[in-house]
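Novice: Let me give you the structure first, and then I'll get to my questions.
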Amino acid sequence: MYQYRRFNNKNSFFQKFGNLDYILLSCLLILGLISLATMYSTDGGEILFHTRSHFIKFVVFFLMMIVISFINIKFWFSLGYLSYAIILGMLIWTINFGITASGSKRWIDLYFLNLQPSELMKIFIILCLAKYFHRMKSQHVNSFYSICFSLIIIFVPMSLVIIQPDLGTSLLIAVSGIVVLWFAGLNHKYFFYSCLLSIISLPIIISFLKPYQKLRVLTFLNPDRDPLGAGYQIIQSKIAVGSGGITGKGFLKGTQSYLEFLPEKHTDFIFTLFSEEFGFIGSIVLLLIYAIIIYRVIRIGALSRSYFAKLFCYSFGTSIFIYIVINMSMVLGLVPIVGSPLPIMSYGGSSMLATMIGFGIVMSAKTHSQQSIA
Amino acid sequence: MINISDSATKLNSLNRRMFILATAKIIILGGIVSRLFFLQVKENKKYLTLSDKNRIREWKLPPIRGEFQDYFGNTIAGNFEAYQLHIIPEEVEDFRYVIYRIKGLLELSEKQFKKIIKKKNEIKPWETLIVADNLSWEKFSKINNHLYDLNGVKPVISISRDYPYKENFTHVLGYVSQANENDLLSNENIKERFVPGLKVGKTGLEKSFEKKLIGSNSVERYEVNAYGRRISQLAFQKGDKGETIKLTIDTKIQELTNELLKEKSGSICVMDIYTGAIIAMHSSPSFNPNSFVFGISQDEWQLIRNNPMKPLVNKSLSGNYSPGSTIKPLVALSALENEIINPDFTVHCKGHKNPLELYGQTYHCWKKEGHGFVNLREGMKQSCDIYFYEVARRLGVDRLSVTAKKFGLGKKVFGDIFDNEKEGLVPNTEWKKNALGRNWVLGETIITGIGQGFIQTTPIQLCLMTAQIANGGYKIYPKIVANDDNQHADKFTPLYKKSRNIKIVQDAMFSSTNEVRGTSYRSRLDNPKYQFAGKTGTSQVKKITERDRELDLKTFEIPYEERDHALYVAFGPYKNPRYALSIIIEHGGSGGTVAAPLAKELFKTIIDRHEIRKNYDNKKYLDI
Numbered sequence: 000m001y002q003y004r005r006f007n008n009k010n011s012f013f014q015k016f017g018n019l020d021y022i023l024l025s026c027l028l029i030l031g032l033i034s035l036a037t038m039y040s041t042d043g044g045e046i047l048f049h050t051r052s053h054f055i056k057f058v059v060f061f062l063m064m065i066v067i068s069f070i071n072i073k074f075w076f077s078l079g080y081l082s083y084a085i086i087l088g089m090l091i092w093t094i095n096f097g098i099t100a101s102g103s104k105r106w107i108d109l110y111f112l113n114l115q116p117s118e119l120m121k122i123f124i125i126l127c128l129a130k131y132f133h134r135m136k137s138q139h140v141n142s143f144y145s146i147c148f149s150l151i152i153i154f155v156p157m158s159l160v161i162i163q164p165d166l167g168t169s170l171l172i173a174v175s176g177i178v179v180l181w182f183a184g185l186n187h188k189y190f191f192y193s194c195l196l197s198i199i200s201l202p203i204i205i206s207f208l209k210p211y212q213k214l215r216v217l218t219f220l221n222p223d224r225d226p227l228g229a230g231y232q233i234i235q236s237k238i239a240v241g242s243g244g245i246t247g248k249g250f251l252k253g254t255q256s257y258l259e260f261l262p263e264k265h266t267d268f269i270f271t272l273f274s275e276e277f278g279f280i281g282s283i284v285l286l287l288i289y290a291i292i293i294y295r296v297i298r299i300g301a302l303s304r305s306y307f308a309k310l311f312c313y314s315f316g317t318s319i320f321i322y323i324v325i326n327m328s329m330v331l332g333l334v335p336i337v338g339s340p341l342p343i344m345s346y347g348g349s350s351m352l353a354t355m356i357g358f359g360i361v362m363s364a365k366t367h368s369q370q371s372i373a
Numbered sequence: 000m001i002n003i004s005d006s007a008t009k010l011n012s013l014n015r016r017m018f019i020l021a022t023a024k025i026i027i028l029g030g031i032v033s034r035l036f037f038l039q040v041k042e043n044k045k046y047l048t049l050s051d052k053n054r055i056r057e058w059k060l061p062p063i064r065g066e067f068q069d070y071f072g073n074t075i076a077g078n079f080e081a082y083q084l085h086i087i088p089e090e091v092e093d094f095r096y097v098i099y100r101i102k103g104l105l106e107l108s109e110k111q112f113k114k115i116i117k118k119k120n121e122i123k124p125w126e127t128l129i130v131a132d133n134l135s136w137e138k139f140s141k142i143n144n145h146l147y148d149l150n151g152v153k154p155v156i157s158i159s160r161d162y163p164y165k166e167n168f169t170h171v172l173g174y175v176s177q178a179n180e181n182d183l184l185s186n187e188n189i190k191e192r193f194v195p196g197l198k199v200g201k202t203g204l205e206k207s208f209e210k211k212l213i214g215s216n217s218v219e220r221y222e223v224n225a226y227g228r229r230i231s232q233l234a235f236q237k238g239d240k241g242e243t244i245k246l247t248i249d250t251k252i253q254e255l256t257n258e259l260l261k262e263k264s265g266s267i268c269v270m271d272i273y274t275g276a277i278i279a280m281h282s283s284p285s286f287n288p289n290s291f292v293f294g295i296s297q298d299e300w301q302l303i304r305n306n307p308m309k310p311l312v313n314k315s316l317s318g319n320y321s322p323g324s325t326i327k328p329l330v331a332l333s334a335l336e337n338e339i340i341n342p343d344f345t346v347h348c349k350g351h352k353n354p355l356e357l358y359g360q361t362y363h364c365w366k367k368e369g370h371g372f373v374n375l376r377e378g379m380k381q382s383c384d385i386y387f388y389e390v391a392r393r394l395g396v397d398r399l400s401v402t403a404k405k406f407g408l409g410k411k412v413f414g415d416i417f418d419n420e421k422e423g424l425v426p427n428t429e430w431k432k433n434a435l436g437r438n439w440v441l442g443e444t445i446i447t448g449i450g451q452g453f454i455q456t457t458p459i460q461l462c463l464m465t466a467q468i469a470n471g472g473y474k475i476y477p478k479i480v481a482n483d484d485n486q487h488a489d490k491f492t493p494l495y496k497k498s499r500n501i502k503i504v505q506d507a508m509f510s511s512t513n514e515v516r517g518t519s520y521r522s523r524l525d526n527p528k529y530q531f532a533g534k535t536g537t538s539q540v541k542k543i544t545e546r547d548r549e550l551d552l553k554t555f556e557i558p559y560e561e562r563d564h565a566l567y568v569a570f571g572p573y574k575n576p577r578y579a580l581s582i583i584i585e586h587g588g589s590g591g592t593v594a595a596p597l598a599k600e601l602f603k604t605i606i607d608r609h610e611i612r613k614n615y616d617n618k619k620y621l622d623i
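In the order they appear, the protein sequences are chains Y and E.
Quick note on numbering that gives the first Met the number 0: the first sequence kicks off at 0 and runs consecutively.
Quick note on numbering that gives the first Met the number 0: the second sequence kicks off at 0 and runs consecutively.
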């Protein structure tokens with residue numbers, strides 16, 4: 000047994016190749032193709048900027064993911080704190096020197112790419128916390144010190160993102176962090192009490208929101224109060240999805256997007272467009288692909304030997320699930336509009352990069368599933 | 000170093016929590032799926048409709064208005080092709096260049112040019128800017144010749160209203176002009192079909208028959224994007240042209256009436272005494288309704304509005320006049336019917352030196368020297384006022400008013416067809432008590448007998464009255480629309496008690512025109528084919544004072560506003576009557592000298608045209 004393991008630890012390039020999760024890979028590839036087709040549709044049936052750029056990003060980051068999967072999981076473990084610190088530095092850099100677009104400073108100009116560090120933080124906070132809890136004894140998890148420390152890890156990037164301002168992403172960062180805390184074994188009662196606390200303090204939080212954010216909440220509660228203003232996005236999105244019907248309007252025939260009724264159709268509302276053109280059946284298929292991906296990620300976690308890999312895979316899979324659910328609930332009018340992209344489908348380099356790094360680490364956990372981390 | 004058992008605890012806890020979350024995930028996924036099902040399957044219809052509402056927009060085009068034809072099928076209000084120039088600003092590369100080029104080609108004034116620029120700034124860049132709405136052919140072809148240089152300029156031929164007979168039919172037809180807010184509020188049909196630039200009837204039959212004339216819009220259905228820009232045409236639904244309305248009017252006679260009333264203020268009405276068909280109805284002065292189609296200029300409008308002869312008033316229908324002596328046939332008939340007098344009843348008219356005196360008031364005959372002993376026929380023939388004072392005194396105003404109302408005075412002749420028609424006024428004792436709160440005095444009866452005082456009639460009422468006397472005393476309903484098949488139950492019911500009385504009145508009117516000393520003797524036509532019978536009237540606009548009587552001024556010596564109205568009612572041919580007419584010349588002087596000669600001209604034409612009209616009825620002539 001031990002021998003076998005040792006043998007595996009030094010597995011060759013070809014063995015690693017054989018160890019890749021091909022179901023996950025093909026699902027990601029299919030998803031990439033779907034997203035390209037959808038992007039093509041948002042460009043009005045022509046290969047324009049968005050399609051081309053999305054294609055390049057997908058190809059580059061997909062290859063990068065495969066490269067990452069050959070790197071030993073130990074390397075990612077050792078990088079946990081450092082990468083977190085680097086991205087924290089980037090966030091601070093963003094605040095001072097970031098690119099401003101539509102009223103918020105979110106991007107760093109890297110010449111070949113406008114990087115959005117907050118998107119990367121969604122993944123690397125998982126890595127950091129997974130490393131933090133990997134070494135911890137179970138009785139220490141619920142200690143005051145560790146809770147404080149992990150909360151600081153979550154709150155620092157969160158607050159840096161909030162002041163950009165980007166409420167949506169900062170909430171998603173928090174969600175990613177909290178998911179890790181949950182898996183690490185933090186006592187249920189803390190979740191219960193903080194839930195209770197946040198519900199009670201909800202009105203106070205709302206009073207601190209910026210006017211446009213308040214408007215979003217009010218609009219969510221009653222979209223018809225201002226159908227041409229704040230409620231426009233959600234109403235048009237619901238019309239688009241609803242008019243898709245069972246089989247959809249057909250590829251490139253989504254009138255809502257083609258005639259520009261749909262806002263943000265490349266990014267947050269990409270699912271609306273997809274759902275309009277491919278209908279209920281298409282949406283179910285897309286959900287199924289996502290479900291398979293998440294299932295595979297969690298399965299990889301379950302098969303991994305190290306606690307770190309398990310914690311990362313479970314947390315990453317769950318976070319992806321939450322991003323998907325939040326995005327879909329938003330476009331279907333179930334939750335207020337928060338800026339949250341649909342992983343892989345939405346246009347956006349940083350989100351794609353972060354997601355692909357995440358999948359790369361998961362894949363690395365697969366190829367190195369027998370690797371134990373001291 | 001992590002000890003083994005602790006690591007196992009941690010893994011246990013991790014897997015347990017994963018299991019809990021996996022369950023939660025499945026539930027949440029189920030929620031998303033059910034939401035999708037709800038939106039896409041259950042509520043699909045609703046959202047599909049909303050999506051179509053988003054993307055499909057309809058553009059209504061102005062409907063094509065129905066035409067008016069005269070009795071012989073000639074178009075008297077039609078449509079013509081107006082040459083227009085449209086520009087869609089966003090399709091023009093260099094708008095400034097093009098607009099200056101057009102300015103040069105069309106020789107636009109600075110003011111017109113500024114108006115166009117202002118209009119351009121008010122519309123969206125993809126909306127149509129109408130640069131010119133009615134170009135002459137020369138200018139239109141000039142633009143067409145320079146089209147290579149005018150990218151994005153569209154010469155358009157659009158349909159617009161045209162009145163080929165200009166001022167001849169203005170008061171009958173009215174005119175059309177751009178619909179305003181009042182039109183929209185008052186007429187559902189206009190509101191439904193409204194498009195910018197829609198022209199609707201403002202007065203006359205154009206207004207009354209709006210519902211029939213307006214037609215229905217053609218509809219263009221376009222797919223539009225979120226900003227309202229048209230992407231593609233989905234459908235074109237052709238509208239129907241409005242109904243063509245045929246009138247009973249004979250254009251030739253109508254034109255003659257216009258000719259006869261030229262430079263005068265007044266009205267002529269001609270009516271078929273059996274069918275009630277209006278052959279001609281004109282009010283003078285008139286104006287050219289074509290001026291209103293594209294909006295009248297301020298100067299032209301002021302000229303029409305401030306004209307003292309009031310061209311905007313349709314005098315035939317809304318002019319209330321004292322009927323003067325033209326009421327006398329009715330007074331005589333009423334007295335005969337009520338057996339107050341017989342035709343031999345005689346009164347002595349002694350002239351101005353011995354006027355009729357009643358309670359201190361004096362009542363003069365128009366003739367200074369007096370008429371001597373006159374009976375009914377002589378009284379009518381010479382229009383002796385003293386005779387009719389006496390008849391009226393014996394008859395009483397109440398009995399007179401019954402007869403007058405029977406013959407169509409005091410109520411609208413056309414019902415609701417013309418919204419500007421006046422009712423006139425037939426007074427009686429009860430009316431005065433109610434309206435003025437005072438008792439009727441005998442003096443008022445006396446002057447009512449010669450058509451002065453409270454009594455007010457419109458020219459069309461006088462025409463109807465004459466027609467009903469002429470046709471032997473039978474009720475008729477005047478009509479102006481040819482195929483108006485309104486069946487009135489009491490049509491042709493006798494209005495008399497003894498038909499002999501009608502004959503007596505007709506004969507008296509005959510004598511007035513065709514016998515020596517008759518008031519309109521000079522206007523007679525001797526040929527029995529054309530011979531007509533009539534009654535003159537001179538209605539005072541102001542009370543004649545003793546001083547006026549002494550001065551005895553000629554008409555032209557009196558200020559225009561104080562001159563008498565000249566009236567004449569007649570029917571012909573006498574042997575076999577067919578047509579009745581009424582003429583009124585405002586401030587024209589005496590009826591015998593001013594109004595009656597027009598009847599002479601008219602009857603010649605009317606009776607000649609009768610043959611053509613009869614033959615047209617039999618479809619022997621299809622055109623004139």
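A virtual CB, placed ideally from N, CA and C, is assigned to each residue, including glycine.
In this text, all values refer to a predicted model and were calculated from it rather than measured experimentally.
I'd like to check one pair, R392(E) with I445(E): are the Cβ atoms closer than 8 Å?
Specialist: Yes.
Novice: Taking the C-alpha atoms as reference points, what is the distance between V223(E) and F307(Y)?
Specialist: Cα to Cα, V223(E) sits roughly 55 Å from F307(Y).
Novice: According to DSSP, is P624(E) part of a helix, a strand, or is it coil?
Specialist: It is not possible to answer for residue 624(E), since the shown part of chain E is limited to 0 through 623.
Novice: Three-state secondary structure (DSSP) at H133(Y)?
Specialist: Correct three-state label for H133(Y): helix.
Novice: Taking one C-beta from the stretch 270-288 of chain Y and one from the stretch 239-250 of chain Y each time, how about it: are there three or more such pairs within less than 8 Å?
Specialist: The stretch 270-288 of chain Y is in contact with the stretch 239-250 of chain Y.
Novice: Going by beta carbon distance, what residues of the same chain come within less than 8 Å of S11(Y), once the five residues before and after it are set aside?
Specialist: Cβ neighbours of S11(Y) beyond the five flanking positions: none.
Novice: With 8 Å as the threshold, decide whether the Cβ of I198(Y) is near any Cβ in chain E.
Specialist: It does not: the Cβ of I198(Y) has no partner Cβ on chain E nearer than 8 Å.
Novice: Which parts of the stretch 101-150 of chain Y are runs of the beta strand (DSSP E), unbroken and 3 residues or longer, counting only runs that do not cross its ends?
Specialist: As far as the stretch 101-150 of chain Y is concerned, its whole beta strand (DSSP E) runs of at least 3 residues are 103-108.
Novice: Judging by CA-CA distance, which residue of R54(E), N186(E), T544(E), D563(E) is the nearest neighbour of A239(Y)?
Specialist: Out of R54(E), N186(E), T544(E), D563(E), R54(E) has the C-alpha closest to the C-alpha of A239(Y).
Novice: Under the assumption that K263(E) contacts S283(E) (Cβ atoms under 8 Å), give the Cβ distance between them as a whole number of angstroms.
Specialist: About 6 Å separates the two Cβ atoms, so the contact holds.
Novice: Quick one: measure Cβ to Cβ for I269(Y) and L331(Y), integer angstroms, because I've assumed they're closer than 8 Å.
Specialist: No, I269(Y) and L331(Y) are not in contact; Cβ-Cβ is about 13 Å, not under 8 Å.
Novice: Listed from N- to C-terminal order along the chain, which residues in the stretch 213-238 of chain E have their beta-carbon within a distance smaller than 8 Å of any beta-carbon of chain Y?
Specialist: Correct list: E222, V223, N224, A225, Y226, I230.
Novice: Roughly how many angstroms separate the alpha carbons of Q539(E) and K599(E), rounded to a whole number?
Specialist: If I take the Cα positions, the gap works out to 24 Å.
Novice: Would a C-beta distance cut-off of 8 Å place L212(E) and G65(E) closer than the cut-off?
Specialist: Closer than 8 Å, so yes.
Novice: How big is the Cα-Cα spacing for R4(Y) and S363(Y)?
Specialist: Unreliable placement is indicated for R4(Y), whose pLDDT of 48 sits below 50; the coordinate value is still reported in the next sentence. Approximately 16 Å, taken between the alpha carbons.
Novice: Quick one: give me the first and last residue of the beta strand (DSSP E) that V373(E) is part of.
Specialist: First-last of the beta strand (DSSP E) with V373(E): 371-373.
Novice: Could you tell me which uninterrupted alpha helix (DSSP H) segments, each at least 4 residues in length, are contained entirely in the stretch 171-200 of chain Y, listed from first to last along the chain?
Specialist: The qualifying runs are 187-199.
Novice: Find the residues of chain E that neighbour M327(Y), judging by a C-beta separation of less than 9 Å, and give them in chain order.
Specialist: Neighbours of M327(Y) on chain E, chain order: I31, R34, L35.
Novice: So which residues of chain E does T317(Y) contact, with C-beta pairs closer than 8 Å?
Specialist: Chain E residues near T317(Y): L20, K24.
Novice: Cβ of K56(Y) less than 8 Å from any chain E Cβ?
Specialist: Output row for K56(Y): interface = no.
Novice: Excluding the 5 residues preceding and the 5 following K411(E) in the sequence, name in chain order all residues of the same chain whose CB lies nearer than 7 Å to its CB.
Specialist: Around K411(E): E420, E422.
Novice: Please report how far the alpha carbon of Q83(E) lies from the alpha carbon of S159(E), in whole angstroms.
Specialist: About 11 Å.
Novice: Using three-state DSSP, classify L28(Y) as helix, strand or coil.
Specialist: Looking at L28(Y) - three-state DSSP - the assignment turns out to be helix.
Novice: Do S333(E) and K534(E) have their beta-carbon atoms positioned less than 8 Å apart in this structure?
Specialist: No, the Cβ-Cβ distance between K534(E) and S333(E) is not below 8 Å.
Novice: What span of residues does the alpha helix (DSSP H) with L355(E) cover, start to end?
Specialist: Here L355(E) belongs to no alpha helix (DSSP H); instead the beta strand (DSSP E) covers 355-357.
Novice: Could you round the C-beta distance between I152(Y) and C127(Y) to whole angstroms and report it? I think they count as a contact, below 8 Å.
Specialist: The Cβ separation is near 6 Å, so the contact holds.
Novice: In whole angstroms, what is the alpha-carbon distance linking E42(E) and S282(Y)?
Specialist: Their Cα atoms are separated by approximately 16 Å.
Novice: Output the distance between the C-alpha atoms of D148(E) and L90(Y), rounded to the nearest integer angstrom.
Specialist: So the two alpha carbons sit approximately 58 Å from each other.
Novice: In the stretch 520-577 of chain E, which residue ranges form an unbroken alpha helix (DSSP H) of at least 4 residues, counting only runs that do not cross its ends?
Specialist: Qualifying alpha helix (DSSP H) stretches, in chain order: 545-550.
Novice: With distances taken between CB atoms, is the gap from G173(E) to L197(E) smaller than 8 Å?
Specialist: Their beta carbons are not under 8 Å apart, which means G173(E) does not touch L197(E) by this criterion.
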